[in-house]
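Student: Okay, here's the structure, questions in a sec.
Residue numbers (the numbering used here): 4 to 231.
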């Protein structure tokens with residue numbers, strides 16, 4: 004699709020489907036607050052009417068802009084940075100979130116990372132995979148997480164496959180996680196059913212957890228009822 008120059012057309016369809024799905028979820032208590040992230044290629048992002056197209060699609064489906072997140076890869080940085088920043092600023096002002104996807108595998112420098120007005124940094128799975136394999140891998144993963152935190156980004160680790168990876172990156176300060184440890188890719192309908200089931204389990208478990216928490220809480224001392 005990229006070689007044929009179809010990415011802008013295909014990417015536009017993806018955003019249409021994302022907004023249509025968000026509109027369907029709006030009436031579902033278990034799904035109405037979820038954010039949906041879409042990958043946008045550098046070619047699609049560079050199209051002159053990209054901003055207008057995204058906002059028109061959002062308005063068409065009656066979706067809250069804050070429920071849509073756009074994920075860019077580092078390849079977008081090979082273009083002139085000023086118009087990239089301007090587009091991101093304009094769409095973020097409307098409420099749309101932005102993430103830098105697969106960080107560490109592309110062209111970005113620390114200078115570019117400092118300038119881009121992003122909300123989230125997604126650490127590439129290659130760093131996660133090596134995070135516990137070698138001392139250098141561990142040090143590099145920890146440093147990348149800390150860099151994202153220092154720059155004020157929400158940090159997400161991609162490709163989490165083991166509890167050990169999850170625990171390590173959580174202790175490093177990662178906010179969010181993505182990978183087969185939590186679930187595999189699935190159709191939208193199956194995902195919606197999965198979220199509803201998880202929400203129901205949480206609702207059923209919450210009273211028990213609250214009861215146990217109250218039982219474990221130290222009893223308050225009774226006021227002394229002395230005589231004057």
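Glycine included, each C-beta is placed from N, C-alpha and C at the ideal position.
So within the segment 122–168, which uninterrupted beta strand (DSSP E) runs reach at least 3 residues, ignoring any that extend past its ends?
Tutor: 123–126, 157–160
Student: With 16 other CB atoms within 10 Å as the buried threshold, where does residue 77 fall?
Tutor: Counting Cβ neighbours within 10 Å, residue 77 comes out buried, since at least 16 surround it.
Student: Taking only the alpha-carbon atoms, compute the straight-line gap between residue 185 and residue 95 and give it to the nearest angstrom.
Tutor: 29 Å
Student: Leaving out the 5 sequence neighbours to the left and right, which residues in its chain are closer than 6 Å to residue 48 when beta-carbon positions are compared?
Tutor: 79
Student: Across which residues does DSSP place residue 102 in a beta bridge pair?
Tutor: Answer is 74, 123, bridged to residue 102.
Student: Across the segment 160–170 and the segment 190–210, are there enough close Cβ pairs to call them in contact, namely three or more that are closer than 8 Å?
Tutor: no
Student: Secondary structure at residue 228, three-state DSSP: helix, strand or coil?
Tutor: Summary for residue 228: the model assigns pLDDT 44, below 50, so the residue's position carries little reliability, and this model does not support an answer.
Student: Shortest alpha-carbon distance to residue 99 belongs to which of 85, 86, 121, 105?
Tutor: 121
Student: Looking at residue 127 and residue 105, is the spacing between their C-beta atoms short of 7 Å?
Tutor: yes
Student: If you follow the alpha helix (DSSP H) that residue 89 is part of, which residue opens it and which one closes it?
Tutor: Its alpha helix (DSSP H) spans residues 84–96.
Student: To the nearest angstrom, report how far apart residue 129 and residue 68 are at their CA atoms.
Tutor: 31 Å
Student: Please go through the segment 15–67 and give each complete alpha helix (DSSP H) segment of 4 or more residues, from N-terminal end onward.
Tutor: 45–49, 53–64
Student: For residue 53, which residues in the same chain have their Cβ closer than 7 Å to its Cβ, ignoring the five residues on either side in sequence?
Tutor: Cβ neighbours of residue 53 beyond the five flanking positions: 47, 90.
Student: Taking residue 119 as the reference, give the member of 45, 171, 97, 84 with the closest Cα.
Tutor: 84
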